[in-house]
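Novice: Please see the structure below; I have some questions.
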Amino acid sequence: MQPLRLLHPEAHRSGSTLLFLGLALVIAGCGDDDGDDCPAEGDADCSAAHDVEGSFDVGTGDPERPDFFELSADGRVDLFPGPQQGYHGFFQVRAKGICPNRVVFRRSIREPGATQVIRYQEDRFRLVDDGAGSFTLPRGQATFICPSNAPGVAMGGRELDLEVALVEEPSECDELAPRTITTRVTIVPTCAESDTLCSEDWVAGCAAPPE
């Protein structure tokens, strides 16, 4: 018996051959998809990120470098004038047990013992390895502190409650349940001695309005 032969009309023979070849390449490509694209380019391997308990320290930072500086015992945070009035401090974190690839950095400021948030800010970053087993922000992050969003509240030279949260936004490659870590510290935003706008003005500075 002669072998079965598939015949194509001459006019379509070349097109059919190219179609079959293209399908074969697509199928071959699908078969080779075994996750080699993970982690994504530039991302860290987070497969073991949650093997340790998630925690972090809050400190101050340099606006140009990832350096971490511990808060002083008195909670002092130097205030710097912002580009559009107001004053901010530069904060930094030192974290463990978190996937660094996509992290939301949230800051909420309250008066001690209060629930009302008088300043809030959040930004997204890829954390960087500090070379000592922890991750930090790529540089100290400006956090606007004063004037307060609540009228009549002094923000400089007094204790305030700063709540910081790190929120993971893992990708499909990370294969992690998102982790949120929160820490609270007491800060004392402090104006420079020569900056009377900061210490005395209640519109653009950090003082409370006169009674």
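Take the sequence shown: its position 91, counting from 1, is numbered 90 in numbering that gives the first Met the number 0, and each next residue is one higher.
Cβ atoms here follow ideal geometry from the backbone N, Cα and C, with glycine treated the same way.
(1) Grouping DSSP H, G and I as helix and E and B as strand, with all else coil, what is residue 189?
(2) Between residue 104 and residue 165, which are expected to be in contact by the criterion C-beta below 8 Å, what is the C-beta distance as a whole number of angstroms?
(3) Exposed or buried, what is residue 48 when buried is set at 16 or more other beta-carbons lying within 10 Å of its beta-carbon?
(4) Tell me, which residues are paired with residue 145 by DSSP?
(5) Three or more C-beta pairs closer than 8 Å, one from the region 184 to 198 and one from the region 147 to 160: is that the case here?
(6) Span of the alpha helix (DSSP H) holding residue 161?
(7) Residue 209 to residue 145, Cα distance in whole Å?
(8) In this structure, does DSSP put residue 25 in helix, strand or coil?
(9) Hey, out of 142, 92 and 172, whose CA is closest to residue 65's CA?
(10) Can you tell which of 97, 57 and 62 has its C-alpha closest to the C-alpha of residue 75?
(11) Just mark residue 77 as buried or exposed, buried being the case when its beta carbon has 16 or more other beta carbons within 10 Å.
Specialist: So, to answer that:
(1) Here residue 189 sits in strand by DSSP.
(2) Indeed they touch by this definition, with Cβ atoms about 6 Å apart.
(3) Only buried fits residue 48, as 16 or more other CB atoms lie within 10 angstroms of its CB.
(4) Bridge partners of residue 145: 86.
(5) Yes, they touch.
(6) Unbroken run through residue 161 is the beta strand (DSSP E), 159 to 167; no alpha helix (DSSP H).
(7) About 16 Å.
(8) In this predicted model, residue 25 has a pLDDT of only 43, less than 50, meaning its place in the structure is not dependable enough to derive any value.
(9) It is 92 whose Cα lies nearest to the Cα of residue 65.
(10) Comparing Cα positions, the closest option is 57.
(11) The residue is exposed, with fewer than 16 neighbouring Cβ atoms inside 10 Å.
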